[in-house]
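A.B. asks:
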């Protein structure tokens, strides 16, 4: 009878050595798994950076008013001489304001009106600045 108990006891033992080997192999595998390099497939994802045209903004925009009613924005003519609504100037100022806001800088407009220019044209420029939501507007002596 004592012999049967010894045989039964030896069969009940579980050898955990193979299980420990497997655990160490899995540990080593998962330690070196992050070291594998990912292949670059050459896709350029869009970024939230502003377009290149927004990078070079002047510190202030100059609007010149001439005696014949001509309006120049940074040296470029805008709108016709008799158009009081000034849609082109308003659109351009709005785009400049949006670009400045994206770049994180204030939009500053300096108005240089010729002494002989109609005062209504200067008021039209101020109205265009107001429509474009530009709050920093200043007047400068003509020719400076």
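Numbering (this note's numbering), first residue to last: 179 to 322.
We treat Cβ as the ideally placed atom computed from N, Cα and C, and that holds for glycine.
#1: Using only CA atoms, which one of 312, 208, 292 and 193 lies nearest to residue 283?
#2: At which residues does the beta strand (DSSP E) containing residue 248 begin and terminate?
#3: Please state whether DSSP places residue 285 in a helix, a strand or coil.
#4: Quick check: the stretch 245-256 against the stretch 267-274, are there 3 or more CB pairs under 8 Å?
#5: Roughly how far, in whole angstroms, is the beta-carbon of residue 286 from the beta-carbon of residue 237, given that I think they are within contact range, below 8 Å?
#6: Quick check on residue 306: does DSSP put it in helix, strand or coil?
#7: Nearest CA to the CA of residue 244: which residue from 302, 192 and 308?
#8: When we look at the beta-carbon of residue 206 and count the other beta-carbons within 10 Å, is it buried (16 or more) or exposed?
#9: Residues in the same chain with beta-carbon distance under 6 Å from residue 250, minus the five sequence neighbours each way, listed in chain order, please.
#10: Just the Cα atoms here: how many angstroms apart are residue 274 and residue 280?
#11: Tell me which same chain residues have a C-beta within less than 8 Å of the C-beta of residue 232, skipping the five on either side of it?
C.D. replies: Taking the definition as stated:
#1: 312
#2: Where residue 248 is concerned, there is no enclosing beta strand (DSSP E), given that its DSSP letter is neither H nor E.
#3: DSSP places residue 285 in the coil class of the three-state scheme, outside both helix and strand.
#4: Segments in contact, yes.
#5: 7 Å
#6: helix
#7: Ranked by how close their Cα comes to the Cα of residue 244, the residues 302, 192 and 308 have 302 in first place.
#8: Exposed, by the Cβ-count rule.
#9: Around residue 250: 242.
#10: Distance between the alpha carbons of residue 274 and residue 280 is about 10 Å.
#11: With a pLDDT of 46 at residue 232, under the threshold of 50, the modelled position of this residue cannot be trusted; read the value that follows with caution. Same-chain partners within the cutoff: 277, 280 and 281.
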